[in-house]
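What follows is a set of notes on a single structure, which appears directly below.
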């Protein structure tokens with residue numbers, strides 16, 4: 034099993050989509066790529082990286098964003114149908130803030 038820790042964001046959680054896509058491409062060949070992030074709107078760069086990961090049989094997991102209990106509330110790239118979206122809940126089972 035190969036474990037790489039690729040970072041695309043700075044210490045404040047901000048970064049360029051090109052850096053995110055580059056880190057994602059670095060995960061090609063891995064079993065799982067975990068994206069603890071979301072981007073504003075759909076991104077062609079991120080979409081191409083998801084395609085490469087999908088074609089390489091890498092499971093892509095991304096944070097849903099915890100924006101609300103509706104499908105349209107899921108952040109991108111978690112909203113891509115090839116990505117497993119995950120969210121956090123609190124002790125009562127409600128979406129975490």
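Numbering (the numbering used here), first residue to last: 34 to 130. Where is the CB? At the ideal position from N, CA and C, for every residue including glycine.
With distances taken from CA atoms, which of the options is nearest residue i?
i	options	result
residue 77	66, 54, 94	54
Report buried or exposed for residue i, applying the criterion of at least 16 other Cβ atoms within 10 angstroms of its Cβ.
i	result
residue 114	exposed
residue 71	buried
residue 95	buried
residue 133	Residue coverage of the chain in this structure runs from 34 to 130, which leaves residue 133 outside it and unanswerable.
Grab me the residues of residue i's own chain with a C-beta within less than 8 Å of its C-beta, minus the 5 sequence neighbours each way, in chain order.
i	result
residue 83	57, 93, 110, 113, 115, 116
residue 107	97, 98, 100, 118
residue 50	72, 76, 78, 79
residue 85	57, 58, 61
Starting from residue i and walking both ways along the alpha helix (DSSP H), at which residues does that stretch end?
i	result
residue 85	77-88
residue 51	50-58
Assuming residue i contacts residue j under a Cβ cut-off of 8 Å, what Cβ separation, rounded to an integer in Å, is found between them?
i	j	result
residue 91	residue 124	Not a contact, Cβ separation roughly 33 Å.
Among residues of its own chain, excluding the 5 on either side of residue i, which ones have a beta-carbon nearer than 6 Å to its beta-carbon?
i	result
residue 39	56, 59
Starting from residue i, trace the beta strand (DSSP E) in both directions and tell me its first and last residue.
i	result
residue 121	Premise fails: residue 121 is in no beta strand (DSSP E) and is neither H nor E.
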